[in-house]
Amino acid sequence: MSAKGITYQAKDVLFKTLSEMFKDKALIMYGLDYPKIVEMLPKC
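The sequence shown lines up with residues 635 to 678 when you count with our numbering.
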């Protein structure tokens with residue numbers, strides 16, 4: 635059963651949006667010890 639009004643690729647859309655928002659920012663302030671996002675690569 636799927637929710638109405640939510641795209642099937644909701645996780646992909648969310649990940650792309652968040653990646654664009656946090657581009658060139660350190661995520662350590664959120665407790666995430668990851669390197670800065672430099673660029674988004676196209677999904678193959």
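Ideal Cβ positions, reconstructed from N, Cα and C, are used throughout, including at glycine.
Rounded to the nearest angstrom, the gap between the Cα atoms of residue 658 and residue 665 is 16 Å. Within the same chain, Cβ atoms closer than 6 Å to the Cβ of residue 671 are found at 653, 656 and 657, the five residues on either side in sequence being excluded. Residue 638 sits in coil when the DSSP states are folded into three classes, being neither helix nor strand. The DSSP-derived three-state label of residue 659 is coil. Judged by their CB atoms, residue 674 and residue 645 are not nearer to each other than the 8 Å cut-off.
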